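A.B. asks: Let me give you the structure first, and then I'll get to my questions.
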Amino acid sequence: MEGNLQDGPDVEALMHTEEVFEPSDDFKAQANFSDPSVYERAEADPQAWWESWAHKLDWAKPWNTVLDWDAPWAKWFVGGELNVSHNCLDRHVLAGRGEKVAYHWIGEDGDTRTITYAGLLATTERFANVLKGLGVKPGDTVGIYLPMVPEAPAAMLACARIGAVHNVVFGGFSAEAVRERMATSHAQVLITADATLRRGEPLPMKASLDDALDTLPDMRHVVVVDRTGGKADTPMTEGRDVWWHEQMEAAEPSCPAEPFDSEHPLFVLYTSGSTAKPKGIQHTSGGYLTGVTATYSAVFDIKPETDVYWCAADIGWVTGHSYIVYGALANGATSVLYEGAPDYPHKGRFWEIIQNYGVTILYTAPTAIRTFIKWGREIPAGYDLSSLRLLGSVGEPINPRAWLWYREVIGGGHCPIVDTWWQTETGQIMITPLPGITATKPGSATRPFPGVSAAVVTHNGEIVEEGGGFLTLRRPWPGMARTIYMDPDRFQETYWTRFGPEVYDVGDAARIDEDGYFWVLGRTDDVINVSGHRLSTMEVESALVSHKGVAEAAVIGQSDEQTGQAITAFVTLESSVEQSDELLAELREHVAEKIGKLARPKRIIWSDELPKTRSGKIMRRLLRDIAEGRELGDVTTLRDPAVVGMIAERIQAGDED
Ligand code: PRX
4 MEGNLQDGPD VEALMHTEEV FEPSDDFKAQ ANFSDPSVYE RAEADPQAWW
54 ESWAHKLDWA KPWNTVLDWD APWAKWFVGG ELNVSHNCLD RHVLAGRGEK
104 VAYHWIGEDG DTRTITYAGL LATTERFANV LKGLGVKPGD TVGIYLPMVP
154 EAPAAMLACA RIGAVHNVVF GGFSAEAVRE RMATSHAQVL ITADATLRRG
204 EPLPMKASLD DALDTLPDMR HVVVVDRTGG KADTPMTEGR DVWWHEQMEA
254 AEPSCPAEPF DSEHPLFVLY TSGSTAKPKG IQHTSGGYLT GVTATYSAVF
304 DIKPETDVYW CAADIGWVTG HSYIVYGALA NGATSVLYEG APDYPHKGRF
354 WEIIQNYGVT ILYTAPTAIR TFIKWGREIP AGYDLSSLRL LGSVGEPINP
404 RAWLWYREVI GGGHCPIVDT WWQTETGQIM ITPLPGITAT KPGSATRPFP
454 GVSAAVVTHN GEIVEEGGGF LTLRRPWPGM ARTIYMDPDR FQETYWTRFG
504 PEVYDVGDAA RIDEDGYFWV LGRTDDVINV SGHRLSTMEV ESALVSHKGV
554 AEAAVIGQSD EQTGQAITAF VTLESSVEQS DELLAELREH VAEKIGKLAR
604 PKRIIWSDEL PKTRSGKIMR RLLRDIAEGR ELGDVTTLRD PAVVGMIAER
654 IQAGDED
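Residue numbers 4 to 660, in our numbering, belong to the letters of the sequence shown in order.
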């Protein structure tokens, strides 16, 4: 680790520490969970443990069986009926907490809105009626492609209210990515905005989608939120496109929540796997809501009356679904919902928000923390962060240096850190400290949540007591994905085959230490994690080869100090095409158009040929070794070992971008 004077001597000294951080007596004294016996209790009867959380929700009809498990097919709270939006909204309003703030919304342009539980319920009910009026029925898919505006959670909850299945696409994805996700989920209605704001300027959303929308035969209606007050040019197709505010004005205010089966689908969320085709991860109602309610309360130690919680993720990722919307609202918490970037209009934006709103809990990603480290500790030092009492991390491994900086500089040395490991597929946090119980080690997500069973195994599936291997989950949990949308075979094959039919194959490498602590190291499949965003190498490759000048492409994730991993692409051009800097820029743009800016390769390296096995498989591992300047292992299985030398020379000669 290179020194960085900005960090100051205290962090430098700690950087090499093996120190274990015990929860303080003060924190323990007020914690939701401070007795370690909760682990044994949950382990002795996991179903009873989860059931105790399900009892905290309102059910229109009680379940008769906690779990029906025919691996890999799980049903939780079988026979039970509930409405998810009722549990997130009406329940609190009926209990007299309608005036409590659900979201302090802060727009990119400094605009603010205070949204109470009663207010969010009113918007949700009206919008549920709008959806009904547009012909949406229980089980139909509704797409959502929005900036971080209050309409986003309202739209999700309105779907839940009427039993429609939402399919949210992160606003940073391209029109082509939206098209694909809408087509494969047969969405009939899409909710979007006229534009999103980027550094104060409107960036059109709806207009950018129009060509893609025209190719979607199932798409009957597009509802457009006017985010910019008419500043964006927004063509509306008669009969298909409608304005959110006009529809809302015309809609009936009341839409009673109907109960749905516990296993009724709640949402699909697409995520990248090992192929070019993203997977629609399917979650259902009762188990998911139970899982996120439990983990939100226990991991973030939430005191709904006094805490101001801020999850800085986007609603378009699973973190936003589970811990900005469902987990937070089910617990009746008050959250900050921030639309903008951390450096607009200035680099102290996050700390200013924490100071102004008295944020007590901050949940963000290591990549953001590393960016803050780069900007320097004097920026947060200019604000009063003393309201903070707990810090969370999610999305990628957090390096000990970032962990320690987060604790010292942001948490003032007194806030526990919860490094939470989980995935789109798990729906809920799975490996994490409980802040009033668990002693933490910088860089380790520590132990499975009570009731969760995890193990590191060898490639033969044997459990490793201490050492490295593949991370597995070995017992069903309520928030688990139920299937891949319309592709149960792929679900079974991807997750439930490699280590046996009852063992969930996570796809991550991990180490377990002498104390049974888990250290998640990164992906073992062809998935790249750029700034906590999952992308598949094949998705990027297929975007590159769809450019007419490209004959072949191989994409790898390369270690990157800032973003965790960065995308490096090796590209072979058609013989008639010349290598040029213009073409490099064009290829990057092409990938941005196909997938989104987040997938733009950081480096593109021209290679006349790619290293392949005799059967024609591209050897990505070898490319990774070359790119990171490591010793090359055995290359005798290569069809043409000379290729490796050629590429290495290219890199050394700086013939790259
Ligand atoms: O590799 C792990 C990494 O992110 C993957 C899941 O990505 P996604 O489905 O997009 O969900 C991200 C937010 C939950 C995992 O397979 N990952 C997530 N959290 C951690 C992590 N790696 C290490 N430590 C974490 N805390």
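The beta carbon of each residue, even a glycine, is placed where N, CA and C say it ideally should be. Since this is a predicted model, take the numbers as computed values, not measurements.
Is ASP317 near the ligand PRX, judged by its Cβ being under 7 Å from some heavy atom?
C.D. replies: Within the sequence shown, residue 317 is the residue found at index 314, counting from 1. For the ligand PRX, not one heavy atom lies less than 7 Å from the Cβ of ASP317.
A.B. asks: DSSP puts GLN568 in a beta bridge; with which residues?
C.D. replies: The residue you call residue 568 lines up with position 565 of the sequence shown. Answer is SER562, bridged to GLN568.
A.B. asks: Is it right to say VAL23 is buried, meaning 16 or more other beta carbons lie within 10 angstroms of its own, or is it exposed?
C.D. replies: As a first step, residue 23 must be located in the sequence shown, where it is residue number 20. Exposed is the call here.
A.B. asks: Distance, Cα to Cα, TRP76 vs LEU70?
C.D. replies: Mapped onto the sequence shown, residue 76 falls at position 73. Mapped onto the sequence shown, residue 70 falls at position 67. Cα-Cα distance, rounded: 10 Å.
A.B. asks: Going by beta carbon distance, what residues of the same chain come within less than 8 Å of PRO205, once the five residues before and after it are set aside?
C.D. replies: Within the sequence shown, residue 205 is the residue found at index 202, counting from 1. Answer for PRO205: ASP197, ALA198, THR199, ARG230, THR231, LYS234, ALA235, listed in chain order.
A.B. asks: Are at least three pairs of beta-carbons, each pair with one atom in the segment 153-168 and one in the segment 300-313, less than 8 Å apart?
C.D. replies: Output reads no: the segment 300-313 does not touch the segment 153-168.
A.B. asks: Please state whether the Cβ-Cβ distance between THR287 and LEU269 is less than 8 Å.
C.D. replies: On the sequence shown, position 284 is the one that residue 287 refers to. On the sequence shown, position 266 is the one that residue 269 refers to. The answer is yes: Cβ separation under 8 Å.
A.B. asks: Taking only heavy atoms of the ligand PRX into account, decide whether any of them is closer than 7 Å to the Cβ of GLU665.
C.D. replies: Residue 665 is absent from the structure shown; the chain starts at 4 and stops at 660.
A.B. asks: Measuring only from the beta carbon, is ARG526 closer than 7 Å to any heavy atom that is part of the ligand PRX?
C.D. replies: The count along the sequence shown starts at 1 and reaches residue 526 at position 523. At least one heavy atom of the ligand PRX is nearer than 7 Å to the Cβ of ARG526, so yes.
A.B. asks: Please report the Cβ distance between THR423 and ALA448, rounded to the nearest whole angstrom; I am assuming they are in contact, meaning their Cβ atoms lie under 8 Å.
C.D. replies: Residue mapping note: residue 423 aligns to position 420 of the sequence shown, counting from 1. Residue mapping note: residue 448 aligns to position 445 of the sequence shown, counting from 1. About 7 Å separates the two Cβ atoms, so the contact holds.
A.B. asks: Determine the DSSP secondary structure at PHE502, reduced to helix, strand or coil.
C.D. replies: Counting from one through the sequence shown, the residue named residue 502 turns up at place 499. It is coil, neither helix nor strand.
A.B. asks: Within 10 angstroms of the Cβ of ALA405, are there 16 or more other Cβ atoms? Answer buried if so, exposed if not.
C.D. replies: Looking up residue 405 in the sequence shown gives position 402. It counts as buried.
A.B. asks: What does DSSP give as the partner residue(s) for ARG514 in the beta ladder?
C.D. replies: Position 511 of the sequence shown, counted from the start, is the residue given in the question as residue 514. Note: ARG514 sits in a beta bridge opposite GLY471, TRP522.
A.B. asks: Note the first and the last residue of the continuous alpha helix (DSSP H) segment covering CYS162.
C.D. replies: The residue you call residue 162 lines up with position 159 of the sequence shown. Start and end: 154-165.
A.B. asks: Which stretch, first to last residue, makes up the alpha helix (DSSP H) that contains GLU128?
C.D. replies: Mapped onto the sequence shown, residue 128 falls at position 125. Run containing GLU128: 120-136, per the alpha helix (DSSP H) assignment.
A.B. asks: DSSP state of THR298, grouped into three classes?
C.D. replies: The residue labelled residue 298 in the question sits at position 295 within the sequence shown. THR298 falls in the helix class under three-state DSSP.
A.B. asks: Which value, in whole angstroms, describes the spacing of the CA atoms of GLY503 and GLU496?
C.D. replies: The count along the sequence shown starts at 1 and reaches residue 503 at position 500. The count along the sequence shown starts at 1 and reaches residue 496 at position 493. Using only the alpha carbons, I get a separation of about 10 Å.
A.B. asks: With a cut-off of 8 Å, do at least 3 Cβ pairs link the segment 430-438 to the segment 26-46?
C.D. replies: These segments touch.
A.B. asks: Can you give me the Cβ contacts of THR274 inside the same chain, cut-off strictly under 7 Å, excluding the 5 residues immediately before and after it?
C.D. replies: For the purposes of this step, residue 274 is identified with residue 271 of the sequence shown, where counting begins at 1. These residues qualify, in order along the chain: PRO281, LYS282, ILE284, THR427, ARG537.
A.B. asks: From VAL646 to MET622, what distance separates their C-alpha atoms?
C.D. replies: For the purposes of this step, residue 646 is taken as residue 643 along the sequence shown, with counting starting at 1. For the purposes of this step, residue 622 is taken as residue 619 along the sequence shown, with counting starting at 1. When rounded, the distance between both Cα atoms is 11 Å.
A.B. asks: With distance defined between alpha-carbon atoms, name the residue in ALA331, TYR329, GLY385 nearest to GLY352.
C.D. replies: Stepping through the sequence shown from its first residue, residue 352 is reached at position 349. Reading off the sequence shown, one finds Arg at residue 352, where the question assumed Gly. Ranking ALA331, TYR329, GLY385 by Cα distance to ARG352 puts GLY385 first.
A.B. asks: Work out the CA separation of SER27 and THR443 for me, nearest whole Å.
C.D. replies: Within the sequence shown, numbered from 1, the residue matching residue 443 stands at position 440. Within the sequence shown, numbered from 1, the residue matching residue 27 stands at position 24. Near 12 Å, if we compare the C-alpha coordinates of SER27 and THR443.
A.B. asks: Mind checking which residues open and close the alpha helix (DSSP H) that includes PHE303?
C.D. replies: Within the sequence shown, residue 303 is the residue found at index 300, counting from 1. Premise fails: PHE303 is in no alpha helix (DSSP H) and is neither H nor E.
A.B. asks: Three or more C-beta pairs under 8 Å: does that hold for the segment 399-418 against the segment 372-380?
C.D. replies: As far as the Cβ criterion goes, the segment 399-418 touches the segment 372-380, which means the pair count is three or higher.
A.B. asks: Roughly how many angstroms separate the alpha carbons of ASP10 and HIS417, rounded to a whole number?
C.D. replies: Here residue 10 is taken as the residue at index 7 of the sequence shown, counted from 1. Here residue 417 is taken as the residue at index 414 of the sequence shown, counted from 1. Unreliable placement is indicated for ASP10, whose pLDDT of 37 sits below 50; the coordinate value is still reported in the next sentence. ASP10 and HIS417: Cα-Cα distance of roughly 17 Å.
A.B. asks: Just verifying my parser: in three-state terms, what is the DSSP assignment at TRP62?
C.D. replies: In the sequence shown, residue 62 corresponds to position 59, counting from 1. Correct three-state label for TRP62: coil.
A.B. asks: What separation, rounded to the nearest whole angstrom, lies between the Cα atoms of LEU17 and LEU476?
C.D. replies: As a working note, residue 17 is residue 14 in the sequence shown. As a working note, residue 476 is residue 473 in the sequence shown. Because LEU17 carries a pLDDT of 44, less than 50, the predicted location of this residue cannot be relied on, and the following value inherits that uncertainty. Each residue's alpha carbon lies about 33 Å from the other.
A.B. asks: Do the segment 85-100 and the segment 525-537 touch if we need at least three Cβ pairs shorter than 8 Å?
C.D. replies: With a cut-off of 8 Å, the segment 525-537 and the segment 85-100 do not count as touching, because too few Cβ pairs lie within range.
A.B. asks: Could you tell me if ASP221 is buried or exposed, where buried requires 16 or more neighbouring beta carbons within 10 angstroms of its beta carbon?
C.D. replies: Here the question's residue 221 lines up with position 218 in the sequence shown. Result: exposed.
A.B. asks: Would you say the beta carbon of GLY398 is closer than 7 Å to some non-hydrogen atom of the ligand PRX?
C.D. replies: Residue mapping note: residue 398 aligns to position 395 of the sequence shown, counting from 1. GLY398: yes, Cβ under 7 Å from the ligand PRX.
A.B. asks: Once DSSP output is grouped into helix, strand and coil, what is the label at GLU84?
C.D. replies: Locating residue 84 in the sequence shown gives position 81, counting from the first residue. Three-state result, GLU84: strand.
A.B. asks: Just to check my reading of the structure: PRO604 and ARG591 have Cβ atoms closer than 8 Å, yes? What is that Cβ distance to the nearest angstrom?
C.D. replies: Counted from its first residue, the sequence shown places residue 604 at position 601. Counted from its first residue, the sequence shown places residue 591 at position 588. Right, the Cβ-Cβ distance comes to about 6 Å (below 8 Å), so this counts as a contact.
A.B. asks: Quick check: is any heavy atom of the ligand PRX less than 7 Å from the C-beta of GLN191?
C.D. replies: Here residue 191 corresponds to residue number 188 of the sequence shown, with the count starting at 1. No.
A.B. asks: Rounded to a whole number of angstroms, what is the C-alpha to C-alpha distance between MET251 and GLY430?
C.D. replies: Within the sequence shown, the letter at position 248 stands for residue 251. Within the sequence shown, the letter at position 427 stands for residue 430. Going from the Cα of MET251 to the Cα of GLY430 covers about 31 Å.
A.B. asks: How would you call ALA63, buried or exposed, if buried means at least 16 neighbouring beta carbons within 10 angstroms?
C.D. replies: Here the question's residue 63 lines up with position 60 in the sequence shown. Exposed, by the Cβ-count rule.
A.B. asks: Find the nearest neighbour of LEU123 within the set TRP499, VAL328, GLY560, LYS615, judged by alpha-carbon distance.
C.D. replies: On the sequence shown, residue 123 is found 120 positions in, with the first residue counted as 1. That would be VAL328, whose Cα lies nearest to the Cα of LEU123.
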